[in-house]
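Note sheet for the following structure.
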Amino acid sequence: METKYIFVTGGVVSSLGKGIISSSLANLLIARGYRVTIQKFDPYINIDPGTLNPYEHGECYVTVDGHEADLDLGHYERFTDIHTTRANNITTGRIYQAVIDKERRGDYLGKTVQIVPHITDEIKRAVKALGNSGNFDFIITEIGGVVGDIESLPFLEAVRQLRWELGDSSLCIHLTYVPFIAAAKELKTKPTQHSVKKLQELGIQPDILVLRTEHHISTEMRRKIALFCNVAPDAVVQSIDVDTIYRVPLRMHEQGLDDIVLHKTRTTPHAEPDMAAWLEFLHKMDNATDTVTIGLVGKYVELQDAYKSIDESLFQAATYNGHKLKLVYIHSEKLTDADVDQKLGRMDGVIIAPGFGQRGIDGKFVALRYCREHDIPTFGICLGMQCMVIEFARNVLGLADANSTEMSPSTPHPVIDLMEEQKSISNLGGTMRLGAYDCRLVPGSKAAGAYGTTDISERHRHRFEFNDSYRDAFEKAGMACVGINPAAQLVEVVEIPGKRWYIGTQYHPEYSSTVLHPHPLFMSFMRAAIQYRDERAKTEKH
Ligand code: GLN
């Protein structure tokens, strides 16, 4: 079928969950048998979010093809099981860079290069590139930011032009906010009306409105909004707060969002969406009674989105293991030998988070020593794995000053060292070891047992690595190197075989855990945590 384009814009305020609505719609269309992908335009000048501090933009997500991407791409993958790529996340910076490169090459043949048409053409090219691949029936394009921002103007102008060109093969969904004024006990539609007016001023008439709200919006109020905003009454959908984002596809389907999209894009509907596996997940979630408590040790714990993919992977694994997840954030900068027992003693499992730089690192060593000595199921991810190696070197191998050269360039025992290929790099953007690499697991290891295979491929984002010259010393002392990259012989997975579950991965398994395919390592970690909790409960009873 001819590719259909769906644009998703946002109004009134940011953080309304455009990514979740886009993901939910993609989920429903895929469940109906269509081929769908989702793309996000971010209206900032950075080429990608790879150089952004998590305080600015939450987690940096990594695609299989090694693109450092907005965390919304994580939602897209978790909701749809599709693999996103570099083409699925494009910033203003990338658009301008492409245009400026063309200008320098002389491609514009002496013309004055302008926002319209050159920047807008480049944006349109990026939208259509996915459609032209022939791989998709629907391209959902989310425009970051809020209508009215200076930054998003060129993107909205490109949407206006595309809608004109594509006609019925495209539509626009506008997501707005309907606030509840407690003193008046009333929901207010005026911000939505203004936001739609703003969009109309830019030449875009939304086809569907999704209203984010904390209270039910009556049919009467929806009719009023439809009337004022030039939208069909059945195309005004509410997105009311839910306990978990994974319920949103069902809420959207109940109100016919996917049907409206098919109807408006003149697409003959396939069957009703097959949501059996999704419903099974929600059923497990609703019926979980016992709680598993996981501590996450990191330095961005006051920030909700910094460890988004890890949080979601843990939640999925807990749900599939029939448990509710209690995730306790433990600030690595504040963790000391004096309070580690009080902070970690009651955890069923501990995650040592990824990260960069010295800040908060000592708390990670304190946590790891405690977890290793008390045999608590422990999962180190990227920097977390590197800290596992350093802590082991210091406290088991007796190399008191062992460190990573990231934290201490002159350490006498660089057990974690800069990768050879990184030594000549001076630009920091997009130059880490990024994306999916193969890894071979040692048969019989706990990690291989968790995966049920020895050949895996996982996503990376790092510059430093396990220093191979220490490998024998570690192996002899009881830390096994059980995952190796076959091409470069880099150590990707370490574990202590004698422990309940003590595994560190140089890669980020959290990027590839989805609702329908929870990640095997998180599943295995969660089983170990639940078992550990049960063992403790038994001994406490006796
Ligand atoms: N800072 C470490 C490195 O660059 C780990 C990176 C990470 O945790 N993503 O190797």
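Numbering-wise, the sequence shown is residues 872 to 1413 according to my numbering.
Virtual Cβ for every residue (Gly too), placed ideally from N, Cα, C.
From a predicted model like this one, the values you see are computed outputs, not experimental measurements.
Contact test: residue i Cβ vs ligand 2 heavy atom, cutoff 7 Å
| i | result |
| --- | --- |
| F1337 | Among the ligands modelled here, namely ligand 1, ligand 2 does not occur. |
Endpoints, alpha helix (DSSP H) assigned at residue i
| i | result |
| --- | --- |
| D1130 | L1128 to K1135 |
| S1184 | K1179 to Y1191 |
| Y1241 | I1232 to H1245 |
| L980 | Counting along the chain, L980 falls outside any alpha helix (DSSP H), and DSSP gives it neither H nor E. |
| K1061 | K1061 to E1072 |
| T1090 | T1090 to C1100 |
| L923 | Element bounds for L923: n/a, residue is neither H nor E. |
| A1053 | From DSSP, A1053 is part of no alpha helix (DSSP H); its letter is neither H nor E. |
| E1363 | Taken as a continuous stretch (DSSP letters only), E1363 belongs to no alpha helix (DSSP H), being part of the beta strand (DSSP E) at V1362 to E1366. |
Beta-carbon proximity check, residue i vs residue j, cutoff 8 Å
| i | j | result |
| --- | --- | --- |
| F1250 | I1374 | yes |
| S1369 | G1349 | It should be pointed out that residue 1369 corresponds to Gly in this sequence rather than to Ser. Yes; because the gap between Cβ atoms is below 8 Å, this pair is in contact. |
| A1453 | M1092 | No information on residue 1453 is available, as it lies outside the stretch 872 to 1413 that the chain covers here. |
| I1096 | V1107 | yes |
| V1067 | H1045 | yes |
| S1040 | Y876 | yes |
| S1180 | E939 | no |
| R1031 | L1073 | yes |
| I1131 | I1079 | yes |
| A1318 | V1267 | no |
| A1400 | P1248 | yes |
| L1174 | Y926 | yes |
| S1275 | Q1257 | yes |
| I1252 | I1222 | yes |
| V1163 | T1207 | no |
| R1137 | I1075 | no |
| Y1403 | G1220 | yes |
| C1310 | I1355 | yes |
| L1387 | A1148 | yes |
| L1299 | T922 | yes |
| E993 | Y915 | no |
Start-to-end residues for the beta strand (DSSP E) that takes in residue i
| i | result |
| --- | --- |
| S886 | Counting along the chain, S886 falls outside any beta strand (DSSP E), and DSSP gives it neither H nor E. |
| V907 | V907 to D913 |
| E1336 | F1335 to F1337 |
| S1110 | V1107 to I1111 |
| A1408 | Element bounds for A1408: not the beta strand (DSSP E) but the alpha helix (DSSP H), P1391 to K1412. |
| E1013 | F1009 to I1014 |
| H938 | Per DSSP, H938 belongs to no beta strand (DSSP E) and is neither H nor E. |
| F1152 | Run containing F1152: none in the beta strand (DSSP E); it sits in the alpha helix (DSSP H), A1147 to N1158. |
| C1258 | Unbroken run through C1258 is the alpha helix (DSSP H), L1254 to N1266; no beta strand (DSSP E). |
Supposed close pair residue i, residue j - CB separation, criterion 8 Å
| i | j | result |
| --- | --- | --- |
| E1036 | V879 | Wrong, their Cβ atoms sit about 18 Å apart, outside the cutoff. |
| E1363 | I1287 | Actually they do not touch by this definition, with Cβ atoms about 13 Å apart. |
| G937 | L1305 | 4 Å |
| E1204 | R1230 | 6 Å |
| F1007 | T874 | 6 Å |
| I1165 | L1196 | 7 Å |
| E1329 | A1307 | 7 Å |
| V998 | V984 | Incorrect: roughly 20 Å between the Cβ atoms, too far for contact. |
| M1290 | R1334 | 6 Å |
| T817 | A958 | Look at the range of the chain in this structure, 872 to 1413, and you will see that residue 817 is not part of it. |
| T962 | T934 | Between T934 and T962 the Cβ distance is about 14 Å, and since that is not below 8 Å, they are no contact. |
| Y979 | K973 | 6 Å |
| P1314 | T1302 | About 35 Å separates the two Cβ atoms, so there is no contact after all. |
Contact set for residue i: own chain, Cβ-Cβ below 6 Å, skip 5 residues either direction
| i | result |
| --- | --- |
| A1188 | P1389, F1393, M1394 and M1397 |
| I1099 | Here residue 1099 is Phe; the residue named in the question, Ile, does not match the sequence. Here the set comprises Q1064. |
| P1144 | L899, A902 and R903 |
| V883 | T1047, Y1048, P1062 and S1066 |
| I909 | S893, A897, Y947 and I1011 |
| M1156 | T1190 |
| S1184 | E1381, S1384, H1390 and F1393 |
| Y932 | A940, L942, L944 and G945 |
| V1119 | I891 and S895 |
| D1246 | K1370 and R1371 |
Same chain, Cβ closer than 7 Å to residue i, neighbours up to 5 away in sequence not counted
| i | result |
| --- | --- |
| G1226 | G1169, K1170 and L1254 |
| R965 | I918 |
| E1346 | C1352 |
Beta-carbon contacts of residue i that lie in its chain and below 8 Å, excluding the five residues immediately before and after
| i | result |
| --- | --- |
| K1069 | G882, V1018 and G1019 |
| D1129 | L896, L899, L900, R903, M1123 and P1144 |
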